[in-house]
Structure formats: structure tokens, C-alpha cells
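Below: the structure, in C-alpha cells.
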Amino acid sequence: MKTSNQTFRDLQDFLILWLTQSFSSFGSALTSFTLVIWSYQQEGSALTTALLSVSSYAPYVLMSIFAGALSDRWDKKRTMFVSDSFAALCTLVVLVLLKTGNLRIGHLYVLNALNGLMNTVQGPASTVAVSLLVPKEHYQRVSGLQSFSNALVTVLTPVVASAMLMFFGPDAVILF
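With our numbering, the residue at position 125 of the sequence shown is 206, and numbering never jumps.
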């Protein structure tokens, strides 16, 4: 039986990836939630707001057939870096457009579609990277950590985003 220190050493690279990806996921979820609220405030239309999700998931559904094959051909670390960097760039574009008063729903549809495309290759690359970083005897532990962080993001996002929106406005949430 391994000690806690041995387990930590076995999982050190994974833990760094997991923490950074969890934080990134939380930030992205906060931004997405905020933009849904913002779009509803701007348009007053549930359909317009729902189309934000459609614009994000439609490319994901269409491209997911090919994403695994593409991701297998590319360097996993680079694929994840490019995907996450692109998501950060899209968030920066949204922030600049919002701060200058030029943000429109159409911008969000386009940016969501582009992010959806990036997520189709980032997901498989991340899954493979985790399987390469983690010894088989830790797969269950790692799966539990990933499920925990996904659930935590799902539960905390509406609470934290709503509080931040109320006290600081959408700019602060997107900047976070």
C-alpha cells in the first residue's frame, strides 16, 4: 500500500493539470452564465438567450465525430494550450466589446461557435493527457477528483456569478 506522499508524487503532474483546468472551467462557466444573464437583460428574449447555447453546442455536436481523430494526430499539450489560449482570447474580446459598449448578441453567437469548435478537440486531448499522466492504479481516484470539480463548478457558478454580478457588474465577472 502506498503512502500519501507516494500517491501525491504519482499524481503531482495530474494535480497541476486538474487544478488549472478546474479553475479555467470555473472562470469559463462564470463568464458563460454572466453572458446569458446579460443577453437576456439586453434582448428580453428567452429564444435569443437559448441560441447562445445552441451556437456553442451545435459545432461541438457536428465536429465531435472528427475531433478524436484530429486530437490523436496532434500534440496533446499543444492542443490543450491552443484551445485554452483561444478561449482566453475570446473572453478578452468579449470584455473589450463590453467595456466599449459594442458587444452585441451576434458577437456572442460567433464567439460561442468558435469556442465550441475548440472544445471539440480540447476535450479528447485532455482525456488522453490524463490517461498518460496517471498510473492505472489511480484512475478511480482521478475520476472522483474530476467528477468532484465538475460538480463543484456546476453548483457554485450560478451562486458566485450572481453575487459578483450584483456587487461588481458583468465586467468584473468576465475579468475574473
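Glycine included, each C-beta is placed from N, C-alpha and C at the ideal position.
Close CB contacts of Val117 within its chain, under the 7 Å cut and outside five residues either way in sequence, are with Thr130, Leu133 (chain order).
Annotation for Glu124: the continuous alpha helix (DSSP H) segment containing it runs 85 to 124. Per the Cβ contact rule, the stretch 156 to 172 is in contact with the stretch 203 to 219 (3 or more Cβ pairs under 8 Å). Counting C-beta pairs closer than 8 Å gives fewer than three between the stretch 134 to 149 and the stretch 212 to 220, which falls short of the contact rule. Taking a C-beta distance under 8 Å as the contact criterion, Leu184 and Val191 do not qualify as a contact pair. Residue nearest to Ser105 within the set Ala253, Ser230, Leu178 is Ser230 (criterion: CA-CA distance). Ranked by how close their Cα comes to the Cα of Ser103, the residues Gln93, Ala232, Phe248 have Ala232 in first place.
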